[in-house]
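Going line by line, the protein sequences match chains A and B.
1 is the number of the first residue of the first sequence in my numbering; add one for each residue after it.
1001 is the number of the first residue of the second sequence in my numbering; add one for each residue after it.
Positions of the beta carbon are idealized from the N, C-alpha and C atoms, including for glycine.
Just so we're clear, the structure is a prediction, and the values are computed from it rather than from any experiment.
Worksheet for the structure shown next.
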Amino acid sequence: MDLSLSDEQKQLQESAERFAREKYTFDNRRKIVATERGWLPENWAQFAELGWLGMAFSEEDGGYGGGPIETMIVMEQFGKGLVLEPFLPTVVLGGGMIARAGSADQKAALLAPMIEGKKQFAFAWLERQSRYNLADVSLKATKEGNGWSLSGHKGVVYNAASADEIIVLARTAGSAREPKGLTLFVVDAKAKGLSRRDYPTQDALRASELTFDKVSVGADAVLGKVDDAFPTVEEAVDRAIVALCAEATGCMDAINAATLEYIKTRKQFGVAIGKFQVLQHRMVDCFTNAQEARSMTLMASLKIDDKDPTVRAKAASGAKVQIGKSGKFCGQSAVQMHGGMGVTDEMAVSHYFKRLTMIDLMFGNQQHHLTRYSNLAMAA
Amino acid sequence: MDLSLKPEHKAFADEVRAFARENLSPATREKTFSGKHYDRGDHIVWQKALGKKGWLAYTWPKKYGGPGWDVTQRFLFENVLAEEGAPRILPFGPKMVGPVIYTFGTEEQKERFLPGIRSSEVSWCQGYSEPGAGSDLANLRTRAVREGDHYIVNGQKTWTSFAHWGDWIFCLVRTNTEVKPQEGISFLLIDMKTPGVTVRPIIMTDGAHHVNDVFLDNVKVPVENLIGKENEGWTCAKFLLANERLGIAEVPSSKRGVSMLRQIARIEPLDGGTLADDPAFTAQIADIDLQVQALEMSELRVLSTMAQGGAPGPEVSTLKVRGSEIQQRIAELTMEAVGEYAQPYQPGMLFHDTNETPIGPDHAPPAAPRYFNMRKTSIYGGSTEIQKNIVSKMVLGL
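So this is what it looks like as structure tokens:
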């Protein structure tokens, strides 16, 4: 057993840390939020140049042969900076599903340009009724000549406005909520019949509601096997969950550091408020929570490649439970210890708190994953 | 001992309900149930209607123009108005400075200020906190120096709710720097239109503008605006804070919050049914429901003591602590009930009259912003940490 980073991984960590520190100061981030896209193409180009867009893909897929640990390293630093570039939807979700299920042609047409920074993706799975059930999909794809016609609605699709292709989870057979009968389609973001309603999210990312009105795609738009997309989706989402957990650990480190600094310097009753034991103990609990979050994230990152889907799913759900719990504790505590300053838009702490809160709501909250973990553990 | 209502109290509740239905604008009511922010007009129109009826200063004795209600009537009044979707009465005039003026003010001051508070013609805000004086309120630095028949006031107040709507601000100011901090403070009323008063908005984490910085730069305040004696303002300050902590538990709005949460759970889809089918979630609603009941009963016990002529003691701090935790938990559960659709940020649906349809269900737009915003409840009006210090010292003698 060895839990230390390799020299190359350390270098990756340093360069990601430098990127977040230099490019994502509070004021810089505010400017990026205000841009039309909500992220910077020059940063994306830098990701490509540094090899971050291809690091987790195998060499035969045109990547650099890294894996979940590399993703974890970069996502953690993204969390520290509250980085806005759409790495999760494009690389982890989109790239991940194409690498797993795509044909050689699709990999050449989609994955290779993504690694070069020339293509971005969005993953459209959620519908109004889905909540956290990945199989609760009613958007229909029906056969149309050699190809397919897609009609229905998708919600809270991150990065849809910037994506070149939308990867859509559609029902091709089976009844509501049946895992069998789902198919993934790669749809041109500018396809006829596809309309968008764009909006910012609570944590200043960008998402959209999508309406598909008889959107025609060719047979080659199918990603993987018809009717059999569910295992691909579940695995991709588990990977995205673990990446989000890494991002959350970065958020927690940053919010804890800011709070520690604040209680060391803020004076009331003639002393720094960090001299009060009630705040000391709370700060210790924040620190412990962040440690546990880091541990569970590392464990999940190490297990996510396991061949047994149950091992993978338990690790992802277990980490997500911990992140939900720790993120809430660190976020709420940071706001409380900052006092009034913590609830203003003017301090970084409220922005980390919002991101941690939204991470809990993405792909299933703490309660959902506790149930999922519990069901898997009881079945064993 | 009896929990049941007498017929005259039932009739009273009906009267309040009928009044609310007649006088509360449907648009304002709609904002309450859709979680939109009120604008100034929502508050003022409603408060003026209450004022006209003689109900705005509903905690005041008859002697000062209040209705002279017993505790049961106050309890019913607050609960019925919350059920009917009325905005909370902005406390700064009727609940804060009003009682200070009729308790510590001169006859002239009572005549001058109380009518405008009772009618809501005059809006007030609270100048207590400063950048260096939050939990440690007595550390305040805003200085008032006597020059002839005026004070010259210099300093900065912060977290001042609705200063941008306020006609007047009641301020704690330092009039003596030579003595213990608490002994050199005075309670001063300042007309916001006086030259030298500047208001700067502070934008909160949900994008809302409720609180402000208030800068006081050589503001000339007539000495007749001093309440109580010079350097004895701390007595007024503490009296006001004790009153504030009693109402701040917000039990009626939490009861409304629990029933709205149940309603949302009945609508939110889950695996072909609704969230109301999920016992893990509904048990959490039941848990908070019971916490609200415990808080309400605790508050009633305090009110009952007061009805026998007792004063609210330091134990009201526990009500404030639990009340804020409960409000936060209800907001948290409501956001969790909404799930993924709590993610879109929809300021248009929160702050403006709009014909846009919301993204996701109608109850989605305020869910996350309210959760973020409610974190303030364990900070304002004396943080949870300060309240617990009060209880440990004053109640438990530790």
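Residue i - DSSP class collapsed to helix/strand/coil
{"i": "Val237(A)", "result": "helix"}
{"i": "Ser208(A)", "result": "strand"}
{"i": "Thr371(A)", "result": "helix"}
{"i": "Thr1142(B)", "result": "coil"}
{"i": "Asp1271(B)", "result": "coil"}
{"i": "Trp1168(B)", "result": "strand"}
{"i": "Lys1052(B)", "result": "helix"}
{"i": "Trp44(A)", "result": "helix"}
{"i": "Pro1061(B)", "result": "coil"}
{"i": "Trp148(A)", "result": "strand"}
{"i": "Lys154(A)", "result": "strand"}
{"i": "Glu1230(B)", "result": "coil"}
{"i": "Ala141(A)", "result": "strand"}
{"i": "Glu1147(B)", "result": "strand"}
{"i": "Glu1130(B)", "result": "strand"}
{"i": "Leu1003(B)", "result": "coil"}
{"i": "Pro1344(B)", "result": "strand"}
Residue interval of the beta strand (DSSP E) (run including residue i)
{"i": "Thr183(A)", "result": "Leu182 to Asp188"}
{"i": "Asn1218(B)", "result": "His1209 to Pro1222"}
{"i": "Asn1154(B)", "result": "His1150 to Lys1157"}
{"i": "Val1199(B)", "result": "Val1197 to Ile1203"}
{"i": "Leu194(A)", "result": "Leu194 to Pro200"}
{"i": "Ala122(A)", "result": "Phe121 to Ala124"}
{"i": "Asp285(A)", "result": "Taken as a continuous stretch (DSSP letters only), Asp285(A) belongs to no beta strand (DSSP E), being part of the alpha helix (DSSP H) at Gln277 to Lys303."}
{"i": "Gly1127(B)", "result": "Trp1124 to Gly1127"}
Proximity below 8 Å, CB of residue i to CB of residue j
{"i": "Leu1125(B)", "j": "Ile1169(B)", "result": "Position check: residue 1125(B) holds Cys in this sequence, whereas Leu was assumed. Yes; because the gap between Cβ atoms is below 8 Å, this pair is in contact."}
{"i": "Thr172(A)", "j": "Asp227(A)", "result": "yes"}
{"i": "Leu205(A)", "j": "Tyr158(A)", "result": "yes"}
{"i": "Ile304(A)", "j": "Val233(A)", "result": "no"}
{"i": "Leu1241(B)", "j": "Gly1127(B)", "result": "no"}
{"i": "Gly390(A)", "j": "Tyr64(A)", "result": "Residue 390(A) lies beyond the stretch modelled for chain A, which goes from 1 to 380, so this question has no answer here."}
{"i": "Gly331(A)", "j": "Leu356(A)", "result": "yes"}
{"i": "Met248(A)", "j": "Ile359(A)", "result": "Note that residue 248(A) is Ala in the sequence shown, not Met. Going by C-beta atoms, Ala248(A) is nearer than 8 Å to Ile359(A)."}
{"i": "Leu139(A)", "j": "Val168(A)", "result": "yes"}
{"i": "Asn1373(B)", "j": "Met1260(B)", "result": "no"}
{"i": "Thr288(A)", "j": "Ala334(A)", "result": "no"}
{"i": "Gly224(A)", "j": "Leu279(A)", "result": "no"}
{"i": "Glu70(A)", "j": "Leu12(A)", "result": "yes"}
{"i": "Lys1255(B)", "j": "Ala1367(B)", "result": "no"}
Whole-Å CB distance - residue i paired with residue j, under 8 Å assumed
{"i": "Leu110(A)", "j": "Ile166(A)", "result": "So it is not a contact: roughly 12 Å between Cβ atoms."}
{"i": "Arg177(A)", "j": "Asp136(A)", "result": "5 Å"}
{"i": "Val156(A)", "j": "Glu1340(B)", "result": "5 Å"}
{"i": "Ile1285(B)", "j": "Leu1333(B)", "result": "7 Å"}
{"i": "Ala1144(B)", "j": "Thr1175(B)", "result": "5 Å"}
{"i": "Gln1037(B)", "j": "Phe1351(B)", "result": "The sequence given here places His at residue 1037(B); Gln does not occur at that position. Going by Cβ atoms, the distance from His1037(B) to Phe1351(B) rounds to 5 Å, so yes, they are a contact pair."}
{"i": "Ala212(A)", "j": "Ala163(A)", "result": "The sequence shown places Phe at residue 212(A), not Ala. About 15 Å separates the two Cβ atoms, so there is no contact after all."}
{"i": "Gly1085(B)", "j": "Arg1029(B)", "result": "4 Å"}
{"i": "Lys192(A)", "j": "Val215(A)", "result": "7 Å"}
Closest by C-alpha distance to residue i, when choosing among the options
{"i": "Thr1072(B)", "options": "Glu1244(B), Glu1008(B) and Met1096(B)", "result": "Glu1008(B)"}
{"i": "Val1153(B)", "options": "Gly1068(B), Thr1318(B), Val1316(B) and Asn1225(B)", "result": "Asn1225(B)"}
{"i": "Gly364(A)", "options": "Asp345(A), Leu126(A), Glu14(A) and Ala300(A)", "result": "Leu126(A)"}
{"i": "Gly1313(B)", "options": "Leu1076(B), Gln1387(B) and Ser1254(B)", "result": "Gln1387(B)"}
{"i": "Pro89(A)", "options": "Glu60(A), Gly102(A), Lys107(A) and Lys119(A)", "result": "Lys119(A)"}
{"i": "Pro1139(B)", "options": "Lys1157(B), Ser1123(B), Asp1149(B) and Val1122(B)", "result": "Correcting the residue type first, residue 1139(B) is Asn in the shown sequence and not Pro. Nearest C-alpha to Asn1139(B): Lys1157(B)."}
{"i": "Leu1188(B)", "options": "Gly1207(B), Gly1196(B), His1150(B) and Trp1159(B)", "result": "His1150(B)"}
{"i": "Phe230(A)", "options": "Met283(A), Leu182(A), Lys192(A) and Lys214(A)", "result": "Leu182(A)"}
{"i": "Glu1183(B)", "options": "Gly1041(B), Tyr1380(B), Lys1052(B) and Glu1232(B)", "result": "Glu1232(B)"}
{"i": "Trp1060(B)", "options": "Ile1190(B), Val1100(B) and Asp1287(B)", "result": "Val1100(B)"}
{"i": "Pro1067(B)", "options": "Thr1142(B), Ala1027(B), Val1016(B) and Lys1255(B)", "result": "Val1016(B)"}
{"i": "Lys320(A)", "options": "Leu298(A), Gly145(A) and Leu12(A)", "result": "Leu298(A)"}
{"i": "Lys1229(B)", "options": "Glu1325(B), Phe1104(B) and Val1122(B)", "result": "Phe1104(B)"}
{"i": "Gly117(A)", "options": "Gln106(A), Gly95(A) and Ala236(A)", "result": "Gly95(A)"}
Segment limits, alpha helix (DSSP H) that includes residue i
{"i": "Val168(A)", "result": "From DSSP, Val168(A) is part of no alpha helix (DSSP H) but of the beta strand (DSSP E) over Glu165 to Arg171."}
{"i": "Ser1025(B)", "result": "Segment: none, Ser1025(B) is in no alpha helix (DSSP H) and carries neither H nor E."}
{"i": "Ile1386(B)", "result": "Thr1384 to Ile1390"}
{"i": "Gln336(A)", "result": "Pro309 to His338"}
{"i": "Pro1289(B)", "result": "A small fix is needed here, since residue 1289(B) is Asp in this sequence, not Pro. Note, Asp1289(B): alpha helix (DSSP H), Pro1279 to Ala1307."}
{"i": "Ser1317(B)", "result": "Val1316 to Val1338"}
{"i": "Phe363(A)", "result": "Careful: Phe363(A) lies outside any alpha helix (DSSP H) and carries neither H nor E."}
{"i": "Leu1189(B)", "result": "Leu1189(B) -> not in any alpha helix (DSSP H); beta strand (DSSP E) instead, spanning Ile1185 to Asp1191."}
{"i": "Pro1369(B)", "result": "Ala1367 to Met1374"}
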